[in-house]
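Notes follow once the structure below has been shown.
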Amino acid sequence: MHPVNADHNFLLHHHSVDAAPRLLGATLRHESDEGPVTVRITEVEAYLGSQTSDFPDPGSHGFRGKTNRNAVMFGPAGFLYVYFTYGMHYCANIVCGTAGTSSGCLLRAGEVIEGRELAKSRRAAAKKEVELAKGPARLTQALGLGREHNGLPVFESPLTLRLADAAPSPQHLSTGPRVGVSGPGGGHEYPWRFWLSGDKTVSTYRPAKPRQAPAV
DNA sequence: GGTCCGATAGGCT
DNA sequence: GCCTATCGGACCG
52 MHPVNADHNF
62 LLHHHSVDAA
72 PRLLGATLRH
82 ESDEGPVTVR
92 ITEVEAYLGS
102 QTSDFPDPGS
112 HGFRGKTNRN
122 AVMFGPAGFL
132 YVYFTYGMHY
142 CANIVCGTAG
152 TSSGCLLRAG
162 EVIEGRELAK
172 SRRAAAKKEV
182 ELAKGPARLT
192 QALGLGREHN
202 GLPVFESPLT
212 LRLADAAPSP
222 QHLSTGPRVG
232 VSGPGGGHEY
242 PWRFWLSGDK
252 TVSTYRPAKP
262 RQAPAV
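Each residue of the first sequence is one higher than the one before, counting from 52 in the numbering used here.
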């Protein structure tokens, strides 16, 4: 596939774990009928998952192969994978890598830097400005993203993704285990989650709920 | 500040 | 049937 710009080219040639640091400090803009909202990304989580990846990743939606739901992740980089979860929330991933791999970065949190009033109206429950996009489902809500945005290109209207010029310096980059994934692939064995050190908009870490009570 | 829990629907075994 | 890449409100300190 022909890349539309340098950022697209970068995503096509890197899988999610390598692309994740360049998504920190990146901006994603969505211009809806209601107006534009832009989020500066402060926290992401990498997912690999398909059998074509270097590491097995049972935590990924793509781990068991391509289905109707996760098909977008198996396509080339530069598209949005939006899925519905917990019966009420949407989460968004930036698809990374080449077609045939199911590599993607879940957008976990960000800072609203354009369209604050619109974001606030979409996020009535948010008490403070840092809560507008603090969490993956909150971020999609602030941006006004839903089922209809699954599979849309992130470098074409109504979406505009701009990567950071460079990965954060080690001083500003933190990594850790996954949020909300239990069992193998939960990620204590690998740093899947990346965030900007000390940023107030990063979601508060909650360990995954164990599948069964720990043996005494 | 932390921690518990209900809501609610779709995917997958 | 069971689990989920979550959130927000209730409650406790």
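Glycine is no exception: its CB is placed at the ideal position from the N, C-alpha and C atoms.
Q.
I need the DSSP call for Asn60, collapsed to helix, strand or coil.
A. Here Asn60 sits in helix by DSSP.
Q | Residue burial classification, Lys179 (beta-carbon count within 10 angstroms, cutoff 16) | A | So Lys179 counts as exposed.
Q.
Within a Cβ cutoff of 7 Å, which residues of the same chain sit near Gly236, ignoring the five residues on either side of it in sequence?
A. For Gly236, the predicted model reports a pLDDT of 48, less than 50, meaning its position is unreliable; a value from the coordinates is still stated below. For Gly236, where only same-chain residues beyond five positions count, the Cβ hits under 7 Å are Asp108, Pro109 and Gly110.
Q: Return the first residue and the last residue of the alpha helix (DSSP H) that Arg97 is part of.
A: A small fix is needed here, since residue 97 is Ala in this sequence, not Arg. Per DSSP, Ala97 belongs to no alpha helix (DSSP H); it is in the beta strand (DSSP E), Gly86 to Tyr98.
Q. Taking just the CA atoms, how far does Val95 sit from Arg244?
A. For Arg244 and Val95, the gap between their C-alpha atoms comes out near 6 Å.
Q. Is DSSP giving Lys178 helix, strand or coil here?
A. Lys178 carries a coil assignment under DSSP once its states are collapsed to helix, strand and coil.
Q: Pull up the distance between the alpha-carbon of Thr118 and that of Leu247, whole angstroms please.
A: Going by the C-alpha atoms only, they are around 33 Å apart.
(Q) Applying the 10 Å Cβ sphere with the 16-neighbour rule, what's the burial state of Ser172? (A) Around the C-beta of Ser172, fewer than 16 other C-beta atoms lie within 10 Å, and the residue is accordingly described as exposed.
Q. Just how far apart, CA to CA, sit Val205 and Ala188?
A. Approximately 18 Å, taken between the alpha carbons.
Q. With a Cβ-Cβ cutoff of 9 Å, do Tyr132 and Gly202 count as a contact?
A. The Cβ-Cβ distance between Tyr132 and Gly202 falls below 9 Å.
Q: Out of Ala215, Leu99, Pro54 and Glu162, state which residue places its alpha-carbon closest to the alpha-carbon of Asp250.
A: The residue from Ala215, Leu99, Pro54 and Glu162 with its alpha-carbon nearest to that of Asp250 is Glu162.
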